[in-house]
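Following: one structure in structure tokens, then a few remarks.
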Amino acid sequence: MAFSSTSTSTTTTTTFFLLLLLHSSCLFSLVFAKSRHTTAHSHSHSHSHSLSHSNPRLHKAYLALQAWKQVIYSDPKNFTTNWIGPSVCDYTGIYCATSLDKPHIQVVAGIDLNHGNIAGFLPNELGLLSDLALIHLNSNRFCGVLPDTLSNLTLLYELDLSNNRFVGKFPTVILSLPSLIYLDLRFNEFEGPLPPQLFNLGLDAIFVNNNRLYSVIPPTITSVTASVVVFANNNFGGCLPEGISKSADHLEELVLINTNLSGCLPWDIGLLYKIKVLDVSFNNLVGSIPYSIAGLVHVEQLNLAHNKMTGAIPAGVCALPNLQNFNASYNFFCEEEGLCLNLTSKGASFDDRRNCLPERPLQRRSKECDAALKHPVDCFEYHCETGYGASAQNMVGVSAPAPSPSTRS
Numbered sequence: 000m001a002f003s004s005t006s007t008s009t010t011t012t013t014t015f016f017l018l019l020l021l022h023s024s025c026l027f028s029l030v031f032a033k034s035r036h037t038t039a040h041s042h043s044h045s046h047s048h049s050l051s052h053s054n055p056r057l058h059k060a061y062l063a064l065q066a067w068k069q070v071i072y073s074d075p076k077n078f079t080t081n082w083i084g085p086s087v088c089d090y091t092g093i094y095c096a097t098s099l100d101k102p103h104i105q106v107v108a109g110i111d112l113n114h115g116n117i118a119g120f121l122p123n124e125l126g127l128l129s130d131l132a133l134i135h136l137n138s139n140r141f142c143g144v145l146p147d148t149l150s151n152l153t154l155l156y157e158l159d160l161s162n163n164r165f166v167g168k169f170p171t172v173i174l175s176l177p178s179l180i181y182l183d184l185r186f187n188e189f190e191g192p193l194p195p196q197l198f199n200l201g202l203d204a205i206f207v208n209n210n211r212l213y214s215v216i217p218p219t220i221t222s223v224t225a226s227v228v229v230f231a232n233n234n235f236g237g238c239l240p241e242g243i244s245k246s247a248d249h250l251e252e253l254v255l256i257n258t259n260l261s262g263c264l265p266w267d268i269g270l271l272y273k274i275k276v277l278d279v280s281f282n283n284l285v286g287s288i289p290y291s292i293a294g295l296v297h298v299e300q301l302n303l304a305h306n307k308m309t310g311a312i313p314a315g316v317c318a319l320p321n322l323q324n325f326n327a328s329y330n331f332f333c334e335e336e337g338l339c340l341n342l343t344s345k346g347a348s349f350d351d352r353r354n355c356l357p358e359r360p361l362q363r364r365s366k367e368c369d370a371a372l373k374h375p376v377d378c379f380e381y382h383c384e385t386g387y388g389a390s391a392q393n394m395v396g397v398s399a400p401a402p403s404p405s406t407r408s
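Start counting the sequence shown at 0; every next residue gets the next number (numbering that gives the first Met the number 0).
Here is the structure:
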């Protein structure tokens, strides 16, 4: 059936004829794209009304996405240029799938606008997208706070908001997402403490590095079920809580670079038998390396660099069967045991610069070593005084190094 969008007649006959033709969504899109006059506007309302009856969820999605488009200020790659008309499943970055509870209808199940460099914010209407399973907004310029209406997204299991400009306290709306498995908030401007409930959600991956988070790492981290936890480049301070071994069945990567950690490494950190990456570099850790670390039989990357640790580097650590990279530089270690004297012979990378190791090159001056070694820390007697909720004013600032590969997006 042919249709021309140029007619502007307002007669009753013409209007009735046009309304009949609105049952075709393809033709409607053509009219919507080419017409800006009052007659076409009435057609849009008629079709939206029809859609709300045939598939109310796609109608809600249409309302939500149009509201979002209105608060997008810059879209240099034209991701949202075709966000026109009710056929939301054809929008760039919008993915539809069969509804879980009504297999005969389609719903918006995913949003992927990664690397769009889009500027704007997230409107309350996004809460209408109750069938969403994935939100990927990595590497854009979205700002502001997360709307509380996201709590309606009960099916959401992946949330990636990394590399944006979101602000405010840690978004507690995340705690109300029962299906969430993957959380990535890195490289934003979130601030304040981490809520203890975060580690009780059953998440498999937690990335909150490179924000402005402070206070301390909540003791509930010992309940974490995630395989990957990355907190790097924040200002938590305090100690890594004892009991971390309770997460031994899950943790494979623990990255705490430049988080202002102090105190000793807890002895039970060596019970994390699945761990492959352990990075606590650029902190204020003291005391000796727990001998229990010799039990990390799967560890590949072990980084203790840029701390204030003392004592010997145990032979058992250097003999770990899967160790590929061991960095103990910029501490105050005074002895290397066993294989540590020639660790590179087994093909591993080993950095022991700027310690107090006799006859090793590029070590600290004697004056530095003598001052540090006069007052060794006994980790069995040491008690971490900083409790949960400590203020950021009690923390000593540490300038952030360039993020390691583990913390980059």
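Glycine included, C-beta positions come from ideal geometry on N, C-alpha and C.
Per DSSP, the bridge partner or partners of residue i
i, result
"V300", "Contrary to the premise, residue 300 reads as Gln rather than Val in this sequence. Partner(s): V276 and N324."
"N283", "S261"
"K345", "Answer is none; K345 lacks a bridge partner."
"F120", "C142"
"E335", "I312"
"I93", "I110"
"Y213", "N234"
"S73", "A118"
"K307", "V285"
"D350", "N326"
Own chain, CB closer than 6 Å to residue i, minus 5 neighbours either side, in chain order
i, result
"L131", "L152 and L155"
"A204", "Y181, A225 and V227"
"S129", "N151"
"E334", "A311"
"Y272", "A247"
"S280", "I256, N302, A304 and H305"
"S175", "S150"
"N187", "N163, F165 and N210"
"T9", "Because the pLDDT of T9 is 36, which lies under 50, any placement of that residue in the model is unreliable, and the question is left without a value."
"G143", "F120"
Closest residue to residue i among the options (Cα-Cα distance)
i, options, result
"S161", "L176, G143 and H135", "H135"
"I410", "E251, Y213, T97 and N324", "As shown, the chain starts at 0 and ends at 408. That puts residue 410 outside it, with no answer to give."
"E291", "M308, I312 and G269", "The sequence given here has Ser at residue 291, not Glu. The candidate whose alpha carbon is nearest that of S291 is G269."
"A247", "A327, L295, Q300 and N302", "L295"
"V166", "H103, L202 and R211", "R211"
"L64", "F332, K76, P75 and Y94", "Y94"
"G242", "V254, E335 and I220", "I220"
"F230", "F189, W266, L200 and S244", "F189"
"F332", "S287, V298 and H297", "S287"
"R363", "G337, N341, P375 and Y329", "Y329"
"L62", "N81, V87 and S138", "V87"
"I173", "N163, F186 and D159", "D159"
"V316", "S344, N54 and L338", "L338"
"G236", "V254, N282, S244 and D267", "N282"
"P146", "R140, N123, N137 and L133", "N123"
"S138", "L184, L179 and W82", "L184"
"S98", "F198, L57, L125 and P375", "L57"
"L133", "T171, A108, F141 and R140", "A108"
"T258", "H249, K245 and L284", "L284"
"K101", "L127, P55 and D111", "P55"
Contacts around residue i, its chain only, beta-carbon distance under 7 Å, and the 5 residues preceding and following it disregarded
i, result
"E367", "none"
"P404", "Caution applies to P404, whose pLDDT of 41 falls short of 50 and renders its modelled position unreliable; the value that the coordinates give is listed next. None."
"V298", "I274, K275, L277, L319, N321 and L322"
Cβ neighbours of residue i in the same chain (closer than 8 Å, five flanking residues each side left out)
i, result
"T80", "D74 and T91"
Decide yes or no for the touch test of the stretch 346-363 against the stretch 260-280: beta carbon pairs closer than 8 Å, at least 3 of them. As far as the Cβ criterion goes, the stretch 346-363 does not touch the stretch 260-280, which means the pair count is below three.
Three CB pairs or more closer than 8 Å across the stretch 174-194 and the stretch 208-222: Three or more Cβ pairs closer than 8 Å define a contact, and the stretch 174-194 meets that threshold against the stretch 208-222.
Beta strand (DSSP E) segments (min. 3 residues) lying fully within the stretch 145-172: Along the length of the stretch 145-172, whole beta strand (DSSP E) runs at least 3 residues long occupy 157-159 and 164-168, reported in chain order.
Quick one: complete beta strand (DSSP E) runs, 3+ long, within the stretch 228-269? Whole beta strand (DSSP E) segments, 3+ residues: 252-254.
Check whether the stretch 57-74 and the stretch 116-123 are in contact - that is, three or more C-beta pairs closer than 8 Å. Pairwise C-beta distances place the stretch 57-74 in contact with the stretch 116-123, as three or more of them are shorter than 8 Å.
Return the chain-ordered ranges of every beta strand (DSSP E) run that is complete within the stretch 169-197 and spans a minimum of 3 residues. With a minimum length of 3 residues, the continuous beta strand (DSSP E) runs that stay inside the stretch 169-197 are 181-183 and 188-191.
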